[in-house]
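Visitor: Sharing a structure with you now.
Residue numbers (my numbering), protein chains in the order written: chain A, 5 to 123; chain B, 70 to 361; chain C, 126 to 356.
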C-alpha cells in the first residue's frame, strides 16, 4: 500500500473494484480480515476498518459465523456512486490541466474523439 | 483494562535523565511502533515496563500492577532484545526448552515450525550462532511465547530481507489468529509502517508523539512549489523542515489538511503530498532536536 | 514452586557444560594422583595424602559464580524475578551440596574398603575431616560446598551489581580490614586465645556448625545484594 490515502480506504476501494469488474459476484463471500491483512501485509485492524466501511455503505453484509458477503445490488450501487464522483475526480482535473496548457474546450473534445477512434 | 499505563514516568541514571515525564497507555490487542533515535530512551522504557530496572519518579503499571519484581505480571510479558545474553553452555534446544516452560501460552508446534523456517541448528551453541541466527532465535521465542504483551527491540539485526519478511508475515498471521499487544521498536520504519497501528515517538527521553499511525499519515505533508506561495501556505501549519532550490521551495508541514486546505494549496499552485511514516518521524525528531 | 523448579532448570538444562566440569576436573586430579603414587614404590605410610579433592570445591565455586554472571542476565530477560531466580539458585546449590556429600561419602567408603585404591592413597579420606559417623561425614563434605558456593555467588552478584570497579574496591576494603584485624590480633597477642577457642569446639560444630552459619550469612548477603541488581 503506497497510495497517499489512508490504507483502510484503499482496502475498501480494492474490494469495490473487484465487485464492479465482477471478480467478486453478488452473494459471494469476500476474503476475511485476516486474509486481507496477510495478503496486503497490513494490520488486521486496518483491514477490518476497510471492510466495516463497506458494511456501513450496505455493499457487504455479515452472515453470522460464516463471514462477509457481497450484497445484492452492490455492483449497481457502486457504479452509480462512481458515476457521480467521475466528474469531480476525472473531468475537473482534465479541464484544469487543459486550461493551464491553453487547450480550449473544442480542442479537448476533438482529442477525446481522436482517442476513441484510435482504440 | 490497559496493558501498560505510565504517568509522569522518569528514569535517571546518575546525572543522565533517560526518560523525562512520560505519560501514555498501551491498550489490549494492538501493534505499537516505539520509534526514536538511538539514545532516545526506547530501551530504558522497555526495561522499566519489563521490570529489568526500577522507576525513579512517576507511576507505572503493567496489567494493573507495579512490574518490578512482580512475577504474576512479568509472566505475561516477553521482551525480545537484540542485546539478550545467553549462558555459554546453552544450545539452541536448551533455550527453547526453557522458554517453553517459562511462558504460560507457549506453542511448541509453532516454535518448532519457526525453527525449521529460520533454519536454526538445534544443537549449536547459542554463542556460536551468527548475528542473524541469534536474532532468529529471539524472534522464534517472541512469537511462540504468545505473551499478552510482547516487545521486539530491534529484533532483526543480521537478518536478511527474506528472513525479516518471514518475521513480519508470521507475526501478522499469528497476531490475527491470537491477538495480543505487540510493541515493535525499530529503525526500519518503512518495513513495518503498515503493521503498526499506533506510534509512540520518543526523543531525548520525552514522548514527542502518541498517535494512531493512520492519523499521522494525514497530519504530516510535504508542500512544494513557488517559494512565496509555499511560505504563504505554510503560515497555517507548523513547518518541520524547509528546503529551497532557486525559486522552488519544499517544506514539511504538520497540521490538519482538510478539503478546504487542499483546495487552498491547489489555488496557490502548490503540490501537496503525504510523506512516509519514516519521513514523518525523521522530520518530527529533527524538529525536536533543533527547536526553532 | 513450579516456577522456581522451571527456573532451577536454567542451571541444569545444559548439565554437561554446567555441572559436569567439577567432576571431570576432580576425576583428572584423582587419576593423576593414582599414577603418581602408584609409581612411587616406597612411599612412607601416611605420606600418600593429597589435597586433590580441593579441585572439586574450587571448580564448583567457579561454576556457581558463572551461573550468576551468565544465567542471571538470561533469566531477567525471560521475565524471571530476581527473587525467584535467587531461590531457584539456592535450591540448586543445596540439592547439589547434599548430592555431592553423599557421593563423596560413598567414594570415601570405596577408598577405605580398597585400601586406598590398593596404594594407600588418601584422596577422599582427608586427614582431620575424616570422621567416623556417616551422617556427619556427609555433612562435613556438603557444608563447605555450600559456604564456598554462596561466597562465590555473593561475589558474582556484587560484580553484576557494581561492576569490575565495585568488585575491586570492595575487595581492597576487605583486604584492608582483615589486614588491620590481623595486626590488631597480633598486637594484642590474641592468637593463643583464638586457637584455644577453636580446639575447644566440638568436632561437629567446628566442621559443620560454624561453616553452615557462614554459608547462611553469604547466602543471605547474596539475596540482599541481588534485589537491586540489573543485568
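Idealized CB from N, CA, C, for every residue including glycine.
Look at the Cβ atom of residue 168 of chain B, then the Cβ atom of residue 203 of chain C, and state whether they are nearer than 8 Å.
Guide: Yes, these two residues count as a Cβ contact at 8 Å.
Visitor: Could you tell me whether the Cβ atoms of residue 345 of chain B and residue 262 of chain B are closer together than 8 Å?
Guide: Yes, the pair counts as a contact, with Cβ atoms nearer than the cut-off.
Visitor: Please return the same chain residues whose Cβ sits closer than 8 Å to the Cβ of residue 157 of chain C, not counting the five positions on each side in sequence.
Guide: Hits under 8 Å: 177.
Visitor: Can you give the Cα-Cα distance for residue 81 of chain B and residue 257 of chain B, rounded to whole angstroms?
Guide: So the two alpha carbons sit approximately 28 Å from each other.
Visitor: Is there a Cβ of chain B sitting closer than 8 Å to that of residue 203 of chain C, yes or no?
Guide: For residue 203 of chain C, the answer is yes, since a Cβ of chain B falls inside 8 Å of its Cβ.
Visitor: Measure how close the beta-carbons of residue 201 of chain B and residue 229 of chain B come, nearest whole angstrom, since I'm counting them as under 8 Å.
Guide: Rounded, the Cβ-Cβ distance is 7 Å, consistent with contact.
Visitor: What does residue 219 of chain B pair with, by DSSP beta-bridge criteria?
Guide: DSSP output for residue 219 of chain B lists B/147 and B/251 as bridge partner(s).
Visitor: Could you give the uninterrupted runs of the alpha helix (DSSP H) lying entirely in the region 190-237 of chain B, keeping only those of 4 residues or more?
Guide: Counting whole runs of 4 or more residues, the region 190-237 of chain B contains the alpha helix (DSSP H) stretches 200-213.
Visitor: For residue 360 of chain B, is the classification buried or exposed, using 16 other Cβ atoms within 10 angstroms of its Cβ as the cut-off for buried?
Guide: Unreliable placement is indicated for residue 360 of chain B, whose pLDDT of 45 sits below 50; the coordinate value is still reported in the next sentence. Exposed.
Visitor: In angstroms, rounded to a whole number, what distance separates the CA positions of residue 338 of chain C and residue 193 of chain B?
Guide: Those two C-alpha atoms are separated by around 42 Å.
Visitor: At a cut of 8 Å, does the region 298-309 of chain C reach the region 227-237 of chain C through at least three beta carbon pairs?
Guide: Touching, no.
Visitor: What number of angstroms, rounded off, separates the C-alpha of residue 70 of chain A from the C-alpha of residue 31 of chain A?
Guide: The alpha-carbon atoms of residue 70 of chain A and residue 31 of chain A are separated by roughly 13 Å.
Visitor: Verify the CB distance criterion: does residue 47 of chain A have a CB-CB separation below 8 Å to chain B?
Guide: At least one chain B Cβ lies under 8 Å of residue 47 of chain A.
Visitor: Could you name the residues of the same chain whose beta carbon sits closer than 8 Å to that of residue 278 of chain C, not counting the 5 residues immediately before and after it, in chain order?
Guide: So the list reads 189, 190, 192, 193, 214, 218, 343, 344 and 347, once near-sequence residues are dropped.
Visitor: For the alpha helix (DSSP H) that residue 275 of chain B lies in, which residues bound it at each end?
Guide: From DSSP, residue 275 of chain B is part of no alpha helix (DSSP H) but of the beta strand (DSSP E) over 275-281.
Visitor: Cα-Cα, which of B/273, B/88 and B/100 is closest to residue 124 of chain B?
Guide: Nearest C-alpha to residue 124 of chain B: B/88.
Visitor: So, under 8 Å CB-CB, residue 295 of chain B and residue 315 of chain B are touching, yes? Tell me the CB distance rounded to an integer number of Å.
Guide: That pair is no contact at about 10 Å.
Visitor: Residue range of the beta strand (DSSP E) that residue 157 of chain B falls in?
Guide: Premise fails: residue 157 of chain B is in no beta strand (DSSP E) and is neither H nor E.
Visitor: Is DSSP giving residue 135 of chain B helix, strand or coil here?
Guide: The answer is coil: DSSP assigns residue 135 of chain B none of H, G, I, E or B.
Visitor: Work out the CA separation of residue 162 of chain C and residue 246 of chain C for me, nearest whole Å.
Guide: So the two alpha carbons sit approximately 7 Å from each other.
Visitor: Which same chain residues, not among the five before or five after residue 94 of chain B, have their C-beta less than 6 Å away from its C-beta?
Guide: Correct list, in chain order: 71 and 74.
Visitor: Quick one: give me the first and last residue of the alpha helix (DSSP H) that residue 211 of chain C is part of.
Guide: Taken as a continuous stretch (DSSP letters only), the alpha helix (DSSP H) holding residue 211 of chain C covers 207-238.
Visitor: Helix, strand or coil: which one does DSSP assign to residue 75 of chain A?
Guide: Reduced to three states, the DSSP call for residue 75 of chain A is coil.
Visitor: Taking DSSP as the reference, what is the three-state secondary structure of residue 331 of chain B?
Guide: It is helical.
Visitor: Among the candidates A/122, A/58, A/75 and A/33, whose CA atom is the shortest distance from the CA of residue 12 of chain A?
Guide: Checking every option, the nearest Cα to that of residue 12 of chain A belongs to A/58.
Visitor: With burial defined as no fewer than 16 other Cβ atoms inside 10 Å of the residue's Cβ, what is the status of residue 21 of chain A: buried or exposed?
Guide: Classification for residue 21 of chain A: exposed.
Visitor: Among the residues of its own chain, which have a CB less than 6 Å from the CB of residue 342 of chain B, if the five just before and after it don't count?
Guide: These residues qualify, in order along the chain: 291.
Visitor: In chain F, which residues lie with their C-beta within 7 Å of the C-beta of residue 100 of chain B?
Guide: No chain F appears in the structure shown, which is made up of the protein chains A, B and C.
Visitor: Along chain B, in chain order, which residues have C-beta atoms closer than 8 Å to that of residue 38 of chain A?
Guide: By Cβ distance, chain B contributes 242, 245 and 246.
Visitor: What's the C-alpha gap between residue 252 of chain B and residue 103 of chain B?
Guide: Roughly 6 Å between the two C-alpha positions.
Visitor: Indicate the three-state DSSP secondary structure (helix, strand or coil) for residue 75 of chain B in the structure shown.
Guide: Of the three classes helix, strand and coil, the one that applies to residue 75 of chain B here is strand, per DSSP.
Visitor: Does any residue of chain A bring its CB to less than 8 Å from the CB of residue 225 of chain B?
Guide: Chain A, which has no Cβ nearer than 8 Å to the Cβ of residue 225 of chain B, makes this no.
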